[in-house]
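Below: one structure, written as structure tokens.
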Amino acid sequence: MLRKNMDIKVIGAGLSGLSAAFTLAKSGFEVTVYELGRKPSSRIITGIQGFKNFGKRGKILWKIRKDLKLPISSKYFLPLKRGTLLSPSFRECEIYSREPIFYLVKRGFLSEDTIDMQLYFLARDAGAKFIFNKRMEEREGNIVASGPRKGVLWASVMHFENEEEGNEALLYYNNNYAEGGYIWVFRYQNLMDIGILTSKRDKFLPQKLRKLISRLKPLKERTGRAKLILHTHGIGFYDIPSSARRDGRCYVGEAAGFLNASKGEGMYYALASGCLAAKSIITGEDYDKLWKKEFKEELVEGFKKRTVWERMKNKDYEEMIGMLGSRISLEEYREKVRKWMKSKPAVLLYPFFLMKWKLLGKL
54 MLRKNMDIKV
64 IGAGLSGLSA
74 AFTLAKSGFE
84 VTVYELGRKP
94 SSRIITGIQG
104 FKNFGKRGKI
114 LWKIRKDLKL
124 PISSKYFLPL
134 KRGTLLSPSF
144 RECEIYSREP
154 IFYLVKRGFL
164 SEDTIDMQLY
174 FLARDAGAKF
184 IFNKRMEERE
194 GNIVASGPRK
204 GVLWASVMHF
214 ENEEEGNEAL
224 LYYNNNYAEG
234 GYIWVFRYQN
244 LMDIGILTSK
254 RDKFLPQKLR
264 KLISRLKPLK
274 ERTGRAKLIL
284 HTHGIGFYDI
294 PSSARRDGRC
304 YVGEAAGFLN
314 ASKGEGMYYA
324 LASGCLAAKS
334 IITGEDYDKL
344 WKKEFKEELV
354 EGFKKRTVWE
364 RMKNKDYEEM
374 IGMLGSRISL
384 EEYREKVRKW
394 MKSKPAVLLY
404 PFFLMKWKLL
414 GKL
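Following the working numbering, the numbering of the sequence shown begins with 54 at its first residue and continues without gaps.
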């Protein structure tokens, strides 16, 4: 266990680094966060992302505010009780629920109402120090929150501002454009993100996204009078490490590979791993035991689903969305998709997929 009068060094000021810094500072530890960029979450800049609000994790606001003890105001979480799936031929399925299916949040540092900036203010006000535009080697830190070390998922996102307000979440599956991934639309009041995620490296992904928005009717309709603010690109890295500790350092967020391999979801794992790494320093508990208990099972499930997504063809997406129908409750959707995926031979390849992953040195 490290002493309170020691200066705990956190490398990286993304969600995982910020949650670790706040948790430590709140407990009376001296904390310094070193960030390569000029602002918190410099890698994100801006955007809209979502927290799922169902499954074994339960109510996400409760998890964040009560379990993780991160007092982020609920006013920054936009609840959505509906979402839309589109097949390659634009067959539509609406998923609905009485409770929010997910919450959208603003990301980045361009405005103060993003989840990143709220965490930064909390950590700073609790006493954490921040040094920006500073490169630090991993070996110099106690907690490493430096982001993905390589790309296994690739994304390009166009950020828009709309004249009219609206809230929406849409996923469009089409391997011709987003192999192993999807195209998404998130609308948060007058802001809108349209992005593309793929598991295949594609240096022309930004150009491809621009062409899709100008050609595909569902996207073209949504951007008709919208103003483009920014076009950003990024990578994602997922892993199920045997240990997220190395030479006494705790690795958190995507620096450890804590990203759901199925859909590329990682915000909750970033927040949770940051808090748990801090907890291990505060109490002396085993960090690996803490994160494995909290979310390893989810990571494994995501990996299993990834084995199916990697082998999906457009006819499979048509079959899946056709099977769901035009409108379905969240509970029915989860049960039908679970059975459908279980029926796919690819799910049996999970052990071989994991073995190949390790042999290729991705773990």
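Beta carbons are placed, not taken as given, at the ideal position from N, Cα and C, and that holds for glycine.
Between residue 287 and residue 222, the gap from beta carbon to beta carbon reaches 8 Å or more. By the beta-carbon neighbour count (other beta carbons within 10 angstroms, threshold 16), residue 245 is buried. Apart from the 5 residues on each side of it in sequence, residue 241 sits with its Cβ closer than 6 Å to the Cβ of 101, 131 and 157 in its chain, given in chain order. For residue 198 against residue 103, the beta-carbon gap comes to about 21 Å, at or over 8 Å, which does not count as contact.
If you draw a straight line from the Cα of residue 183 to the Cα of residue 169, it is about 14 Å long. Rounded to the nearest angstrom, the gap between the Cα atoms of residue 216 and residue 225 is 24 Å.
About 4 Å separates the Cβ atoms of residue 209 and residue 258, confirming a contact at the 8 Å cut-off. Ranked by Cα distance from residue 366, the first of 84, 341, 229 and 348 is 229. The beta carbons of residue 204 and residue 306 sit no closer together than 8 Å. Going by DSSP, residue 74 is part of the alpha helix (DSSP H) stretching over 68 to 79.
Residue 303 is bridged by DSSP to 196 and 298. Separation of the CB atoms of residue 318 and residue 159 is rounded to 17 Å, and the pair is thereby denied contact status at 8 Å. Looking at the backbone, the Cα of residue 272 and that of residue 139 are separated by about 12 Å. Taking C-beta atoms as the reference points, residue 114 and residue 75 fail to come closer than 8 Å. Annotated three-state conformation of residue 271 is helix, per DSSP.
Taking the CA atoms as reference points, residue 308 sits about 13 Å from residue 190. The C-beta separation of residue 329 from residue 340 comes to about 6 Å, placing the pair in contact by the 8 Å criterion.
A straight-line Cα-Cα distance of about 7 Å links residue 332 and residue 338.
Remark: C-beta atoms of residue 250 and residue 206 approach each other more closely than 8 Å. Apart from sequence neighbours up to five positions away, the residues of its chain that approach residue 297 with a beta-carbon distance below 7 Å are 303, 304, 309, 340, 341 and 344, ordered along the chain.
In the three-state scheme derived from DSSP, where H, G and I count as helix and E and B as strand, residue 209 is classed as strand. For residue 361, the closest alpha carbon among the candidates 219, 324, 393 and 144 is that of 393. If you look at residue 180, you'll find it isn't in any alpha helix (DSSP H); DSSP assigns it neither H nor E. Within the DSSP secondary-structure output, residue 246 pairs in a beta bridge with 212 and 239.
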